[in-house]
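Engineer: Let me begin by handing over the structure; questions about it come next.
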DNA sequence: GTGAAAGCGCTAACAC
DNA sequence: GTGTTAGCGCTTTCAC
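Chains as they are written, first to last, in our numbering: chain A, 1 to 307; chain B, 308 to 614.
Here is the structure:
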């Protein structure tokens with residue numbers, strides 16, 4: 001008691017390295033982000049930080065730049081610095097590094113993307129439901145020739161959204177035209193632009209295009225601009241994620257809103273749970289997305305694209 | 308030699324906590340970001356990471372949410388975790404925490420914003436030159452009644468840009484009308500929207516508005532939309548920073564581009580320099596911004612705002 | 001080159 | 001409550 005008062009008076013602050021060395025715990029969580037410049041991720045990080053901060057945990061952020069070797073280095077740097085666990089937005093469907101980590105007993109939760117194996121707990125949104133709502137929205141407007149700009153198939157988001165598009169197309173009574181589906185190598189604008197140009201080049205008619213995320217949709221905007229195609233008059237465009245600032249675009253992008261903040265917050269809660277009761281069976285969360293209709297979609301006109 | 312081979316074979320990895328405890332060095336830099344959801348900052352972070360990574364340093368990111376007490380907690384958490392120094396984008400013109408830290412010998416570089424005291428090294432862009440180029444651009448188009456939406460005056464960026472606006476206005480032979488200057492409490496969209504509404508409410512005529520950063524300019528877009536004012540026909544709008552995605556807006560925003568990546572990269576270099584030669588006199592860097600003319604500015608029409 | 005020993009600042013365990 | 005001790009895993013020093 002007396003000694004504690006004195007310590008406080010002298011401004012004593014425990015050294016966390018020494019404490020960590022001794023206890024093997026650090027009340028610190030490492031967060032691996034695939035690309036901070038993608039506006040999708042900062043709101044997720046905010047959700048993580050808020051929850052962890054509330055229980056006295058510190059968040060250590062690291063950027064992997066979509067680079068496997070950088071990811072491994074950052075992962076190890078964090079691990080060697082004694083973090084208690086990881087929240088990770090970089091998961092591929094097959095992910096040797098994380099699968100091995102999980103096997104080795106490293107606490108980890110995947111946010112936004114997940115692996116095919118469900119052994120690692122994850123918090124994702126329902127890609128199937130979200131994509132279906134987009135298809136139904138477009139079909140409801142009268143579109144019957146819908147192109148799809150798919151994301152990387154090695155990512156769960158790229159893969160499941162495409163699968164859902166195929167299923168929803170069939171369910172709506174339309175046929176699948178392989179020529180109207182383009183796969184992209186990454187979720188970035190340049191890829192979206194390239195993809196829509198390729199779709200234009202097929203000469204096939206289509207009145208709407210679904211992009212697997214917002215950045216690909218922005219690329220589609222670019223392609224329209226350079227091709228003289230007017231959105232939504234000539235072509236309806238939709239994205240996915242509802243990242244910030246989409247409402248400021250012209251036209252404002254119709255998209256699917258995933259609960260960014262909640263994905264982060266729930267990931268943090270799940271990880272804390274695993275830390276406190278490691279024996280409990282791992283569980284994953286699937287959050288609901290919502291359709292956000294803005295100005296980039298409308299009923300198809302008798303556009304030149306239509307046939 | 309033999310023992311080293313064996314160590315490698317067994318997959319030995321040094322524990323950084325123990326090493327840090329012993330050596331008091333960690334090859335780790337703490338980065339304090341005021342708000343990750345502001346798209347201005349991720350490119351700066353990327354510049355920092357690239358440079359630090361190149362010399363084997365690890366970057367530990369933390370978000371302060373523009374919250375002083377959170378800033379202090381994050382700062383201490385990083386310090387107690389043995390970081391070798393800080394790069395900080397949260398500086399206020401008066402900043403007791405950082406001034407004290409600098410006095411206590413903590414290595415630190417301010418990025419993007421700086422304190423009034425030059426005792427702490429900083430890497431900023433030339434707010435005076437950037438703002439002047441905006442005024443000259445507008446004057447060159449024929450504008451002579453220009454409103455100003457100012458940022459927080461406790462931030463160097465808010466303060467120096469406003470000072471530069473006043474100076475450039477005088478230099479261009481115009482008079483300063485206090486009613487056409489509105490101060491904002493933060494660099495966020497809502498504040499920009501509120502500010503432009505207040506300017507509209509004065510009933511004074513103006514044909515252009517300079518916002519102290521891009522987010523405030525986006526808020527001005529919102530205000531125009533709800534007031535039925537068309538940009539740029541009725542009102543030219545400019546921002547500052549050239550954050551990502553501005554080229555996708557309608558109209559695309561005329562702004563001043565600051566070298567985001569370089570601000571980060573040079574901050575990192577400066578900090579590394581201080582770490583290796585702590586005795587050298589601290590120096591600061593002022594980088595050049597460039598005017599980026601897009602669609603949100605044009606010659607003034609005989610708009611209803613004009614008188 | 002290798003081996004042994006001390007100590008960085010803390011916590012956990014035990015005696016008081 | 002307080003004092004003492006050992007030891008977390010590393011680096012540094014000194015002897016070999």
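All C-beta atoms in this analysis are idealised placements derived from N, C-alpha and C, irrespective of residue type, glycine included.
Is it a yes or a no for the segment 411-429 of chain B touching the segment 441-449 of chain B, going by three-plus beta-carbon pairs under 8 angstroms?
Structural biologist: At 8 angstroms Cβ cutoff, the stretches do not touch.
Engineer: Counting only the same chain and skipping the five closest in sequence on each side, list residues whose C-beta sits under 6 angstroms from that of residue 282 of chain A.
Structural biologist: Excluding positions up to five away in sequence, the list reads 121.
Engineer: At a Cβ threshold of 8 angstroms, is residue 614 of chain B touching chain A?
Structural biologist: Caution applies to residue 614 of chain B, whose pLDDT of 42 falls short of 50 and renders its modelled position unreliable; the value that the coordinates give is listed next. By this cut-off, residue 614 of chain B is not an interface position.
Engineer: Any Cβ of chain A within less than 8 angstroms of the Cβ of residue 526 of chain B?
Structural biologist: Answer no: the Cβ-Cβ gap between residue 526 of chain B and chain A never drops below 8 angstroms.
Engineer: Compile a chain-ordered list of the residues in the segment 588-600 of chain B whose CB is closer than 9 angstroms to at least one CB of chain A.
Structural biologist: Within the segment 588-600 of chain B, no residue qualifies.
Engineer: Would you mind giving the Cβ-Cβ distance between residue 17 of chain A and residue 328 of chain B, rounded to the nearest angstrom? I have them listed as a contact below 8 angstroms.
Structural biologist: Contact holds; Cβ gap of about 5 angstroms.
Engineer: So the candidates are A/194, A/91, A/208, A/90; which of them puts its Cα closest to the Cα of residue 148 of chain A?
Structural biologist: Ranking the options by Cα distance to residue 148 of chain A, first place goes to A/208.
Engineer: Classify residue 614 of chain B as buried or exposed, calling it buried when 16 or more other Cβ atoms lie within 10 Å of its own Cβ.
Structural biologist: Reliability of the predicted coordinates at residue 614 of chain B is poor, the pLDDT of 42 falling under 50, and no value is obtained from them.
Engineer: Suppose you measure from the CA of residue 336 of chain B to the CA of residue 322 of chain B; what does that come to, to the nearest Å?
Structural biologist: Spanning the two alpha carbons is a distance of roughly 18 angstroms.
Engineer: Using a beta-carbon distance below 8 angstroms, is residue 312 of chain A in contact with chain B?
Structural biologist: Nothing can be reported for residue 312 of chain A, as the shown portion of chain A is limited to 1 through 307.
Engineer: Output the distance between the C-alpha atoms of residue 466 of chain B and residue 421 of chain B, rounded to the nearest integer angstrom.
Structural biologist: Using only the alpha carbons, I get a separation of about 11 angstroms.
Engineer: Is DSSP giving residue 225 of chain A helix, strand or coil here?
Structural biologist: Three-state result, residue 225 of chain A: helix.
Engineer: Compare the C-alpha of residue 502 of chain B against each of B/512, B/485, B/483, B/530 and name the closest.
Structural biologist: Minimum Cα distance to residue 502 of chain B is reached at B/530.
Engineer: Out of curiosity, what's the CA-to-CA distance linking residue 85 of chain A and residue 513 of chain B?
Structural biologist: Approximately 56 angstroms between the Cα atoms of the pair.
Engineer: Please find out if some non-hydrogen atom of the ligand ADP comes closer than 7 angstroms to the beta-carbon of residue 563 of chain B.
Structural biologist: Judged by which ligands are present, the structure shown has none, so any question about the ligand ADP falls away.
Engineer: Rounding to the nearest angstrom, what Cα-Cα distance links residue 23 of chain A and residue 217 of chain A in this structure?
Structural biologist: Distance between the alpha carbons of residue 23 of chain A and residue 217 of chain A is about 49 angstroms.
Engineer: For residue 187 of chain A, go through chain B and note every residue whose CB falls closer than 8 angstroms to its CB, in chain order.
Structural biologist: Within chain B, no residue comes near residue 187 of chain A; the closest Cβ sits about 15 angstroms away, beyond 8 angstroms.
Engineer: Around the C-beta of residue 482 of chain B, are 16 or more other C-beta atoms found within 10 angstroms, so that it is buried, or is it exposed?
Structural biologist: Exposed, since its Cβ has fewer than 16 Cβ neighbours within 10 Å.
Engineer: State the beta-bridge partners of residue 257 of chain A as determined by DSSP.
Structural biologist: Paired residue(s): A/241, A/290.
Engineer: With DSSP as the reference, label residue 613 of chain B as helix, strand or coil.
Structural biologist: The predicted model places residue 613 of chain B with a pLDDT of 44, which falls under 50 and marks its position as unreliable; any figure quoted below should be read in that light. Helix.
Engineer: Could you check where the alpha helix (DSSP H) with residue 467 of chain B kicks off and where it finishes?
Structural biologist: Per DSSP, residue 467 of chain B belongs to the alpha helix (DSSP H) from 463-478.
Engineer: Distance, Cα to Cα, residue 274 of chain A vs residue 56 of chain A?
Structural biologist: Computed Cα separation, rounded: 16 angstroms.
Engineer: Leaving out five residues on either side along the sequence, give the residues of the same chain with a beta carbon under 6 angstroms from the beta carbon of residue 347 of chain B.
Structural biologist: Excluding sequence neighbours, residue 347 of chain B sits near 548, 550.
Engineer: Report the three-state DSSP secondary structure of residue 36 of chain A (helix, strand or coil).
Structural biologist: Residue 36 of chain A: coil per DSSP, three-state reduction.
Engineer: For the alpha helix (DSSP H) that residue 12 of chain A lies in, which residues bound it at each end?
Structural biologist: Per DSSP, residue 12 of chain A belongs to no alpha helix (DSSP H) and is neither H nor E.
Engineer: Whole angstroms is fine: what's the gap from residue 279 of chain A's alpha carbon to residue 101 of chain A's?
Structural biologist: Those two C-alpha atoms are separated by around 17 angstroms.
Engineer: Closer than 6 angstroms by C-beta to residue 522 of chain B: which residues in its own chain qualify, once you throw out the five before and the five after it? Chain order, please.
Structural biologist: Taken in chain order, the residues that qualify are 494, 495, 496.
Engineer: Under 8 angstroms between C-beta atoms, does residue 325 of chain B make it to chain A?
Structural biologist: At least one chain A Cβ lies under 8 angstroms of residue 325 of chain B.
Engineer: Note down, in chain order, all residues in the segment 340-356 of chain B with a beta-carbon under 7 angstroms from any beta-carbon belonging to chain A.
Structural biologist: So the list reads 343, 344, 346, 349, 350, 352, 353, 356, given in the order they occur along the chain.
Engineer: Pair every Cβ in the segment 537-544 of chain B with every Cβ in the segment 564-579 of chain B, then say whether three or more of these pairs are closer than 8 angstroms.
Structural biologist: No contact exists between the segment 537-544 of chain B and the segment 564-579 of chain B.
Engineer: Is there a C-beta anywhere in chain B that falls below 8 angstroms from the one on residue 72 of chain A?
Structural biologist: No, because no Cβ of chain B sits closer than 8 angstroms to the Cβ of residue 72 of chain A.
Engineer: Of all Cβ atoms in chain B, is any one closer than 8 angstroms to the Cβ of residue 82 of chain A?
Structural biologist: With 8 angstroms as the cut-off, residue 82 of chain A counts as an interface residue toward chain B.
Engineer: Am I right that residue 339 of chain B and residue 397 of chain B are in contact with their C-beta atoms under 8 angstroms? What's the rounded C-beta distance?
Structural biologist: That pair is a contact at about 5 angstroms.
Engineer: Can you list, in chain order, the residues of its chain with a C-beta nearer than 6 angstroms to that of residue 469 of chain B? Leave out the 5 residues immediately preceding and following it.
Structural biologist: Same-chain partners within the cutoff: 457.
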